[in-house]
Amino acid sequence: MEQPVMGGDDYIISAERLEKTYPGNLKALDDFTVRVKRGEVVVVVGPSGSGKSTFLRCLNGLEEIDSGSITVDGIPLDDREEHRLEIRREVGMVFQAFNLFPHMTVLENVNLAQQLVRRRSRSEATEFSLALLDKVGVSEKARVYPDALSGGQQQRVAIARALALMPKVMLFDEATSALDPEMIGEVLDVMRSLAGEGMTMVVVTHEMGFAREVSDRVVFMEQGRIVEEAATATFFTAPARKRTRDFLRQIL
Amino acid sequence: MKPAPLFKTVYRDLLGFAALLALGFWLIGRGGANISYRWHWQQVPQYLYSLEDGRFIAGPLLQGLMVTLEITAVSLILAGCIGLATALLRMSSSPVGRILAWGYLETIRNTPLLVQIFFLYFVMAPILDIGRFATAVVALSMFEGAYASEIFRAGITSLAKGQWEAAFSLGLTRFDTYRKVILPQAIRRILPPLTSQAISLVKDSALVSTIAVYDLTMEGRAIIAETFMTFEIWFTVAAIYLSVTLLLSGLVALVERYYPQRS
């Protein structure tokens, strides 16, 4: 097998030649290579079923790759459980369905990993959590349970929860797709300000306006392969491939 | 159609229930008269308790109840542990663990509890040198544990995959994920079937009287052998079991109220 190309030090994520096939011979990732620099915001777009979410979920080991290699902040994602846990602690993830823990208050949701993973005391954790909740604009809801929140509020809490371990990378898996239209803006605002603070982000989204405004680079994929990868301005104004132009015409 | 006012429906229901109850008692009374059974209800209380110099002394039935409660309480805890462990084994990635759990489940669920009790008492107890009480507890917790494990498994698998993923994405270990995220939600969800299982445990514990453990049922049989008050004593024993299980249901209902299920 060909030796995979190793990413340089300035890449915080290198995903090299990923392959993944689902049962039924469905190729989710096919010779897929993406590298992300520190502080970069990369948006991944493509038709549904193209493997965008699979790629994101492989980056923190929620799904296994069949072959290829993933390195996050110098840690290889391999069979060793410590590496997997270490990477997950460096990488925050926000899901389409929020996935808050319904049996815990908002504050407990944000405290949980700090107390279990970072061994912070409850009061230390609470102090930081309240600051995070304030940052995403839901601090007044700290003591209520998630079922009392709107979708937009829940997703903002989920972002605060993902930030609680001070990750170096944030992954957003269609974070606004399950929201009512009037709540999409408030979540995108939080994501925008995170990007503004220099957070490294990999974002799967259908919000082309957001992609255009916030991202540095766009990866367009289909059937597990990269169709086109370009700086954001180039991608939207002068796409090289016909398939990209067709796709953009459909969604813009 | 407008629903009838609450008071009116309740009133009618209560009236019907009272009528049914009266009919039941009348039938039993008539049956007793037909076989010329002589009722001795006034003699029953002494088997429950007596007062000596104003001191409360538990009679054989209450002593039997204490034994039943002890056996049930210990078995309940053990059955919970066995059930949870078996459920986790069945869902584990270890093939040996899965086979072990499967073998245990199929053996227990496909043989009668009475046979299991006899097997443990006549075969295993002499080998392991354990007493009757311990044998009873082991038999009951193994039996109820098998059923509890299926309840646990159903509860755990009913949770959305996203709960696991969210916990994992935060860097939680599998153990912490179970402890803090999965089990608290699963157990709250399965509280009703788990309660039914606990009630079954109380009722099934009557079978340990067959290996001469002096539980409530055994004490009842002993009193009947002495006094021939078959009807009164069995009615009393049944009523005691009923009040224990109703109390249990009531307690769980309170817990359910104070910890509402959230989604």
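Sequences listed follow chains A and B, in order.
Each residue of the first sequence is one higher than the one before, counting from 1 in this note's numbering.
Each residue of the second sequence is one higher than the one before, counting from 1 in this note's numbering.
C-beta: ideal position from N, C-alpha, C; glycine also.
A quick note: this is a predicted structure, and the numbers were derived from the prediction, not measured.
| Query | Result |
| --- | --- |
| Please report how far the alpha carbon of R35 of chain A lies from the alpha carbon of V169 of chain A, in whole angstroms. | 13 Å |
| From the DSSP output, in three-state form, read off R38 of chain A for me. | coil |
| Identify every residue that forms a DSSP beta bridge with A231 of chain A. | A:R217 |
| Please say whether I233 of chain B and I223 of chain B have beta carbons closer to each other than 9 Å? | yes |
| Does any C-beta atom of chain A lie closer than 9 Å to the C-beta of A166 of chain B? | yes |
| With C-beta atoms as the reference, is M183 of chain A less than 9 Å away from G209 of chain A? | no |
| Which partner residues does M201 of chain A have in the DSSP bridge list? | A:V41, A:M170 |
| Can you tell me whether Y241 of chain B is buried or exposed, with buried defined as 16 or more other CB within 10 angstroms of its CB? | buried |
| Does the count of Cβ pairs from the region 193–211 of chain A and the region 33–48 of chain A closer than 8 Å reach three? | yes |
| At which residues does the beta strand (DSSP E) containing R339 of chain B begin and terminate? | Outside the displayed range of chain B (1 to 263) lies residue 339 of chain B, so it cannot be described from this structure. |
| Shortest alpha-carbon distance to V136 of chain A belongs to which of A:A148, A:A162, A:Y145? | A:A162 |
| At 4 residues or longer, what runs of the alpha helix (DSSP H) sit wholly inside the region 70–146 of chain A? | 81–90, 106–117, 122–135 |
| Can you tell me whether G250 of chain B is helix, strand or coil according to DSSP? | helix |
| For a cutoff of 9 Å on Cβ pairs, would you count A160 of chain B as touching chain A? | yes |
| How about D173 of chain A and V204 of chain A: do their beta carbons lie closer than 9 Å? | yes |
| Report the rounded CA-to-CA distance for H103 of chain A versus Y259 of chain B, giving the unit in angstroms. | 9 Å |
| Within the same chain, show all residues whose beta-carbon is closer than 6 Å to that of R17 of chain A, passing over the 5 residues directly before and after it, in chain order. | P4, D31, T33, G68 |
| Between the Cα of L113 of chain B and the Cα atoms of B:R221, B:G131, B:S141, which residue gives the shortest distance? | B:S141 |
| Can you look up T173 of chain B in the DSSP assignment and give me helix, strand or coil? | coil |
| Closer than 8 Å by C-beta to Q114 of chain A: which residues in its own chain qualify, once you throw out the five before and the five after it? Chain order, please. | R120, E124, A125, F128, S129, A164, L165 |
| How many Å lie between F235 of chain B and R262 of chain B at the Cα? | 42 Å |
| Taking the alpha helix (DSSP H) that I224 of chain B belongs to, which residues open and close that run? | 216–227 |
| Between the region 83–105 of chain A and chain B, which residues of the former have CB atoms less than 7 Å from a CB of the latter, in chain order? | L85, R88, R89, M93, F95, A97, N99, F101, P102, H103 |
| Roughly how many angstroms separate the alpha carbons of W39 of chain B and E226 of chain B, rounded to a whole number? | 15 Å |
| For P222 of chain A, does the three-state DSSP call read helix, strand or coil? | One detail in the question is off: residue 222 of chain A reads as Glu in this sequence, not Pro. Looking at E222 of chain A - three-state DSSP - the assignment turns out to be strand. |
| Exposed or buried, G61 of chain A, counting other C-beta atoms within 10 Å across all chains shown (16 or more means buried)? | buried |
| Can you name the residues of chain B whose CB is closer than 8 Å to the CB of Y145 of chain A? | R262 |
| Please identify, using Cβ separations under 9 Å, the residues of the region 41–69 of chain A that lie next to chain B, in order along the chain. | R57, N60, G61, L62 |
| With DSSP as the reference, label P4 of chain A as helix, strand or coil. | A caution first: P4 of chain A carries a pLDDT of 46, below 50, which makes its placement in the model unreliable, though a value can still be read off. Three-state result, P4 of chain A: coil. |
| What are the residues of the region 111–124 of chain A that lie near chain B, defined by any Cβ-Cβ distance shorter than 7 Å? | L112, A113, L116, V117 |
| Compare the Cα-Cα distances from I70 of chain A to each of A:I12, A:R245, A:E228 and report the closest residue. | A:I12 |
| Closer than 8 Å is the cut-off here; do at least three beta carbon pairs connect the region 136–154 of chain B with the region 73–82 of chain A? | no |
| Output, in chain order, the set of chain B residues within a Cβ distance shorter than 9 Å of L165 of chain A. | L170, G171 |
| For chain B, check one thing: does any of its Cβ atoms lie closer than 9 Å to the Cβ of M1 of chain A? | Low confidence applies here, because M1 of chain A scores a pLDDT of 42, under 50, leaving its location unreliable; read the following figure in that light. So, not an interface residue. |
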